[in-house]
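One structure below.
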Amino acid sequence: MISKTLVAASTKPIILSILIRDEDYGYQIIQRVKEISGGTLEWSDNMLYPVLRRLEKGGLLVSRWKISKKGRLRRYYRITEQGREELDSERRQWMSVHQALSKLWKPLPSLK
Amino acid sequence: MFDLENEIRNWLKTLRRSENLEDSDIAELESHLRDEIDQQIEIGLDEEAAFSAALEKSAPADILREEYKKAKLYERSRPFWHPSRIMPSLIWSYIKISLRNIKRQKGFSLINIAGLAIGMAVCILILIWVQDELSYDRFHANADRIFRAIEHEELAGGEVLSYTQQGPALGPVLKSEYPEILESVRYDSMSNLLVQYGDHQFYEKGFSFVDPEFLTVFTFPLKVGGPETALKDPSSIVISERMAKKYFNQSDPMGKVLRVDNRVEFIVSGVMENVPKNSHLQFEFLVPFVTIKQFGQPIDGWGSFYLDTYVLLAENVDYHDVNAKILNVISEHSEGDSFTVDLQPLKRIRLFSNTILTPQVAGDIKFVVIFSLIAVFILLNACINFMNLTTARSGRRAKEIGMRKVVGASRRQLIRQFFGESILLAFISLIVAVWLVYLLCPAFSQLSGKQISFSMLAQGSVILGLLGITLCAGLISGIYPALVLSAFQPVTVLKRIITSGTRGAAFRRTLVIFQFAMTSVLIIGMFVVFQQLNFLRKQDMGFDKDQVVCIRLPRNLIPKVDLLKTSFEKIPEVMGTSSASAIPGRRRALMSLNEWEGRGSDDRIELGITHVDEDFLSLFKLEMAEGRFYSRKFTSDEDEALVVNEAAIRAMSMENPLGKRVLDARIVGVVKDFHMRSLHYKVAPLALILDKNRARYVFVKIMASNPSRTLASLESAWSSIVPEYPFEYRFLDEDLEQLYQVDRHLGKVVNASAALALFVACLGLFGLASFVAEQRTKEIGIRKVLGASVPGIFSLLSRDFIKWVLIANVIAAPIAGYAMTKYLNIYAYHSNLGPVSFLLPMILTLIVALLTVCWQVLRVAWADPVRSLRYE
Numbered sequence: 001m002i003s004k005t006l007v008a009a010s011t012k013p014i015i016l017s018i019l020i021r022d023e024d025y026g027y028q029i030i031q032r033v034k035e036i037s038g039g040t041l042e043w044s045d046n047m048l049y050p051v052l053r054r055l056e057k058g059g060l061l062v063s064r065w066k067i068s069k070k071g072r073l074r075r076y077y078r079i080t081e082q083g084r085e086e087l088d089s090e091r092r093q094w095m096s097v098h099q100a101l102s103k104l105w106k107p108l109p110s111l112k
Numbered sequence: 001m002f003d004l005e006n007e008i009r010n011w012l013k014t015l016r017r018s019e020n021l022e023d024s025d026i027a028e029l030e031s032h033l034r035d036e037i038d039q040q041i042e043i044g045l046d047e048e049a050a051f052s053a054a055l056e057k058s059a060p061a062d063i064l065r066e067e068y069k070k071a072k073l074y075e076r077s078r079p080f081w082h083p084s085r086i087m088p089s090l091i092w093s094y095i096k097i098s099l100r101n102i103k104r105q106k107g108f109s110l111i112n113i114a115g116l117a118i119g120m121a122v123c124i125l126i127l128i129w130v131q132d133e134l135s136y137d138r139f140h141a142n143a144d145r146i147f148r149a150i151e152h153e154e155l156a157g158g159e160v161l162s163y164t165q166q167g168p169a170l171g172p173v174l175k176s177e178y179p180e181i182l183e184s185v186r187y188d189s190m191s192n193l194l195v196q197y198g199d200h201q202f203y204e205k206g207f208s209f210v211d212p213e214f215l216t217v218f219t220f221p222l223k224v225g226g227p228e229t230a231l232k233d234p235s236s237i238v239i240s241e242r243m244a245k246k247y248f249n250q251s252d253p254m255g256k257v258l259r260v261d262n263r264v265e266f267i268v269s270g271v272m273e274n275v276p277k278n279s280h281l282q283f284e285f286l287v288p289f290v291t292i293k294q295f296g297q298p299i300d301g302w303g304s305f306y307l308d309t310y311v312l313l314a315e316n317v318d319y320h321d322v323n324a325k326i327l328n329v330i331s332e333h334s335e336g337d338s339f340t341v342d343l344q345p346l347k348r349i350r351l352f353s354n355t356i357l358t359p360q361v362a363g364d365i366k367f368v369v370i371f372s373l374i375a376v377f378i379l380l381n382a383c384i385n386f387m388n389l390t391t392a393r394s395g396r397r398a399k400e401i402g403m404r405k406v407v408g409a410s411r412r413q414l415i416r417q418f419f420g421e422s423i424l425l426a427f428i429s430l431i432v433a434v435w436l437v438y439l440l441c442p443a444f445s446q447l448s449g450k451q452i453s454f455s456m457l458a459q460g461s462v463i464l465g466l467l468g469i470t471l472c473a474g475l476i477s478g479i480y481p482a483l484v485l486s487a488f489q490p491v492t493v494l495k496r497i498i499t500s501g502t503r504g505a506a507f508r509r510t511l512v513i514f515q516f517a518m519t520s521v522l523i524i525g526m527f528v529v530f531q532q533l534n535f536l537r538k539q540d541m542g543f544d545k546d547q548v549v550c551i552r553l554p555r556n557l558i559p560k561v562d563l564l565k566t567s568f569e570k571i572p573e574v575m576g577t578s579s580a581s582a583i584p585g586r587r588r589a590l591m592s593l594n595e596w597e598g599r600g601s602d603d604r605i606e607l608g609i610t611h612v613d614e615d616f617l618s619l620f621k622l623e624m625a626e627g628r629f630y631s632r633k634f635t636s637d638e639d640e641a642l643v644v645n646e647a648a649i650r651a652m653s654m655e656n657p658l659g660k661r662v663l664d665a666r667i668v669g670v671v672k673d674f675h676m677r678s679l680h681y682k683v684a685p686l687a688l689i690l691d692k693n694r695a696r697y698v699f700v701k702i703m704a705s706n707p708s709r710t711l712a713s714l715e716s717a718w719s720s721i722v723p724e725y726p727f728e729y730r731f732l733d734e735d736l737e738q739l740y741q742v743d744r745h746l747g748k749v750v751n752a753s754a755a756l757a758l759f760v761a762c763l764g765l766f767g768l769a770s771f772v773a774e775q776r777t778k779e780i781g782i783r784k785v786l787g788a789s790v791p792g793i794f795s796l797l798s799r800d801f802i803k804w805v806l807i808a809n810v811i812a813a814p815i816a817g818y819a820m821t822k823y824l825n826i827y828a829y830h831s832n833l834g835p836v837s838f839l840l841p842m843i844l845t846l847i848v849a850l851l852t853v854c855w856q857v858l859r860v861a862w863a864d865p866v867r868s869l870r871y872e
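Respectively, the protein sequence lines represent chains C and A.
Sequential numbering of the first sequence, starting at 1, is according to our numbering.
Sequential numbering of the second sequence, starting at 1, is according to our numbering.
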């Protein structure tokens with residue numbers, strides 16, 4: 001189980017990383033997250049929407065409405081240039097944290 | 001019974017209670033919920049179970065509302081661990097530091113700001129000037145669709161002459177035969193027409209004859225009267241506001257009668273706003289074209305070229321297509337004429353007409369380019385000063401940079417700081433520059449021959465240009481310090497391994513040499529232009545232009561020419577009189593001659609024509625090469641004789657010209673070549689035709705002593721014969737000076753810019769010299785203690801500077817030589833480039849450079865070694 005703060009911190013890079021491939025709507029994004037994390041990242045499904053709203057407000061995403069074949073309204077999100085930059089910087093930060101931790105943990109097998 | 005729709009509606013209702021959720025948010029959540037329910041139903045649940053499963057996966061409504069509230073409050077704020085890109089407190093510190101730097105290094109800042117301000121002021125003035133040149137004729141609503149017809153004629157040698165002037169038949173034919181051409185307007189302007197209203201009578205220029213559509217094709221707004229109707233009536237006249245005031249003062253001009261040239265009366269039918277200065281057409285009066293018949297010009301036919309034709313094209317027509325169609329319109333209608341016609345866009349008339357023969361004053365795109373280059377160059381000079389002085393003094397700032405780096409400033413931040421500083425300095429300079437522009441406006445107007453006012457600054461494009469110039473100046477001057485200083489290694493700097501300013505010495509040398517090379521080019525240019533203007537003044541025109549009074553003759557007075565001449569000659573101070581159709585130096589009429597004895601088939605020459613009387617030769621002291629001039633002794637001269645100049649004989653390749661037939665006259669004399677036009681042009685073939693009925697000027701040669709009394713006697717003689725016409729005159733030599741007005745303006749601009757460039761370059765040199773002097777204070781002290789003399793030290797310190805200036809001059813010579821040869825070639829007659837043209841400027845720059853560094857260097861050389869050695 002991943003702690004709440006870590007989930008909160010990782011939401012943004014995860015969403016951005018999903019959207020950098022193609023535009024997508026909320027339900028799909030949630031499915032993708034589940035798929036990728038193998039269920040370890042758990043959040044209430046619709047908690048994603050306020051986050052999306054926030055990212056959109058921050059200029060990292062833009063959205064538009066489309067109508068699905070079944071006639072259902074769906075809001076599609078697309079990443080902006082600023083979003084790409086933000087993702088870049090997030091990636092660098094996460095990688096450095098990752099590197100730091102892996103260096104620290106390697107020579108100490110006794111911790112297991 | 002479970003009702004899914006109802007349940008969903010209820011759930012959504014709970015969400016709506018919050019103002020933080022917008023309708024779109026709720027729609028999105030609903031869409032999600034329905035997707036989830038569909039998913040659950042697909043794996044086998046019924047509606048009720050699916051609904052509750054979906055709800056379970058979702059966050060409760062109140063938490064959701066809370067999250068949306070946060071999202072709504074979210075203001076692009078960053079988490080606290082992100083440093084912000086811009087830290088306001090740091091910016092303030094940068095500004096403080098740069099202001100302090102400016103204050104602490106007063107001399108240095110003064111040099112920078114003064115140099116940049118001068119450079120920018122020049123740029124601003126030239127920007128305004130260029131802007132004005134480019135704005136010509138753009139104010140017409142149809143400017144894009146208006147064109148001027150140009151006629152081209154190929155001469156025997158393959159040379160093509162282009163004219164704006166055509167016969168009156170062209171315009172109407174263009175309009176009626178080519179559907180693309182909506183309107184055509186003929187335009188001819190006369191000057192020196194006497195206009196009378198009651199006691200008010202003046203000779204007016206800018207009296208223009210136009211087709212009635214003129215006011216609808218062009219946009220010259222009327223204050224009174226309608227553009228469609230104002231010129232309909234053949235006796236109507238439209239006058240400018242200026243003229244309305246001049247003739248009618250406060251009273252209403254409409255319906256008043258103006259008498260013109262003592263023969264035609266016009267009724268005022270409209271008052272237009274004064275014609276803007278940036279119009280290539282300049283006029284004060286407009287009258288219907290047909291009335292030109294009463295002033296002796298034909299209103300139909302292809303033969304007499306005297307008017308301009310403008311056309312208005314239909315929308316979305318490419319004028320190149322029209323050009324292809326109308327190319328041969330003249331030869332189609334008028335057999336034997338080989339002229340071709342094409343259209344020139346209205347917007348290009350002002351700046352791209354220098355190869356076209358036209359009576360109007362034109363600008364030249366070349367000047368626009370030259371002026372802009374000069375402006376950029378002076379600004380560049382100032383930027384170089386900034387770069388040089390900043391890098392030279394970098395040692396002083398090395399510690400600050402080291403400190404900043406040690407406490408964590410990144411190189412990028414330092415670069416930003418340096419650019420910020422140079423841009424700040426540039427903005428301070430901008431303020432000074434605007435003030436300078438305010439002071440310099442009148443002088444610049446005089447210099448450039450164009451009315452430039454300070455208020456012209458307040459145009460959008462000029463203001464944008466200003467900001468652009470400022471930013472550019474800031475960035476260019478900041479670029480080297482920003483990149484070099486920011487690269488300092490804090491360790492070496494703090495250990496003082498870098499002694500101040502040794503870095504970039506080579507770079508500085510290059511920049512100074514570049515600066516002086518460009519300055520030398522300008523100074524050489526200044527010398528050459530000066531030489532050429534002098535040459536123009538001194539050059540023998542081939543006729544005597546001194547003490548000749550020119551009196552323009554109103555057309556009505558031609559029959560009275562002889563009377564006027566004899567009564568002038570009775571005045572004792574008058575040495576002679578003559579009449580002619582043109583002032584020497586100002587050829588007007590041209591004809592295309594294709595009939596002479598011994599002509600090869602298809603030969604054709606361009607022959608200038610001046611109508612003269614028998615006294616023309618003696619009054620202007622022209623010389624005959626062969627034969628004789630017209631004489632009253634030969635009564636048949638008027639019909640059968642012809643005098644041409646040597647150039648005409650050469651053009652016709654005639655041998656033994658005397659007695660040869662040209663048209664229906666025989667050559668009785670060949671006059672030696674004299675300059676019938678300005679020295680820009682080669683002496684062209686010219687025929688002097690004896691015809692007193694075409695006289696437009698009376699020339700009176702007077703004695704040098706007491707000209708004002710002579711003029712008074714001339715005036716009283718004039719008024720006793722033609723009291724109804726005011727007496728107006730000019731001196732020929734003054735009139736000829738006007739031929740070179742543009743040249744003199746150019747000369748003045750080159751002088752002023754060369755002086756400014758030299759000044760700015762010297763400012764930089766002064767700064768560098770004082771820096772070097774300061775840097776070597778100790779060394780000089782030691783040298784003096786060891787017995788060096790003051791002259792020795794002086795030469796030691798100034799040797800470098802002299803070397804730089806010399807190298808700069810060597811580099812400048814070929815560039816200037818190339819440019820100046822091009823400049824001199826615009827004159828058919830010009831002075832020659834000699835070693836003096838290069839040596840004098842070199843000596844001048846050397847002397848000025850030496851004087852500049854001299855004070856700083858001497859100060860060190862004279863200094864008491866004891867003090868300098870204690871200095872630190």
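For glycine and all other residues, C-beta sits at the position ideal for the given N, C-alpha and C.
These figures come from a predicted structure and were not determined experimentally.
At the 8 Å Cβ level, is residue i part of the contact set with chain C, yes or no?
i: A/Glu19; result: no
i: A/Tyr929; result: No statement about residue 929 of chain A is possible, as the shown extent of chain A runs from 1 to 872 and does not include it.
i: A/Glu7; result: no
i: A/Asp62; result: no
i: A/Ala505; result: no
i: A/Asp35; result: yes
i: A/Arg76; result: Unreliable positioning characterises A/Arg76 in this predicted model, as indicated by a pLDDT of 46, which lies under 50. The coordinate reading is nonetheless provided below. Taking Cβ atoms only, chain C reaches closer than 8 Å to A/Arg76, which makes this a yes.
Residue range of the beta strand (DSSP E) that residue i falls in?
i: A/Tyr197; result: 193-197
Please check if any C-beta of chain A sits within less than 8 Å of the C-beta of residue i.
i: C/Gly71; result: no
i: C/Gly83; result: no
i: C/Tyr77; result: no
i: C/Lys4; result: no
i: C/Arg32; result: no
i: C/Gly38; result: no
Tell me the rounded alpha-carbon separation between residue i and residue j.
i: A/Trp718; j: A/Phe727; result: 7 Å
i: A/Thr577; j: A/Glu569; result: 7 Å
i: C/Ser96; j: C/Ser102; result: 10 Å
i: A/Lys232; j: A/Asn645; result: 47 Å
Short of 8 Å in beta carbon distance, which residues of its chain neighbour residue i, apart from the five on each side in sequence? Order them along the chain.
i: A/Trp81; result: Its pLDDT being 43, under 50, A/Trp81 is placed unreliably in this model, and the value from its coordinates should be taken loosely. Taken in chain order, the list of residues that qualify is empty.
i: C/Lys68; result: It should be pointed out that residue 68 of chain C corresponds to Ser in this sequence rather than to Lys. So the qualifying residues of the chain are Arg74.
i: A/Arg76; result: Because A/Arg76 carries a pLDDT of 46, less than 50, the predicted location of this residue cannot be relied on, and the following value inherits that uncertainty. Here the set comprises nothing.
Excluding the five sequence neighbours on either side, which residues of its own chain have a C-beta within less than 6 Å of the C-beta of residue i, listed in chain order?
i: A/Met526; result: Val750, Asn751, Ala754
i: A/Met518; result: Phe377
I need the boundaries of the alpha helix (DSSP H) containing residue i, first residue and last residue.
i: A/His611; result: It is not in any alpha helix (DSSP H) - A/His611 instead sits in the beta strand (DSSP E) that spans 605-612.
i: A/Asn6; result: 4-16
i: A/Ile423; result: 411-448
i: A/Gln105; result: Run containing A/Gln105: none; DSSP gives neither H nor E here.
May I ask you to list the residues that DSSP assigns as paired with residue i?
i: A/Phe731; result: A/Val549
Suppose the cutoff is 7 Å on Cβ atoms and the five residues either side in sequence are ignored; what does the same chain contact list for residue i look like?
i: A/Met873; result: Residue 873 of chain A is absent from the structure shown; chain A starts at 1 and stops at 872.
i: C/Leu87; result: Pro13, Leu16, Ser17, Ile20
i: A/Val857; result: Ala769, Ala773, Phe794, Leu797, Ser798
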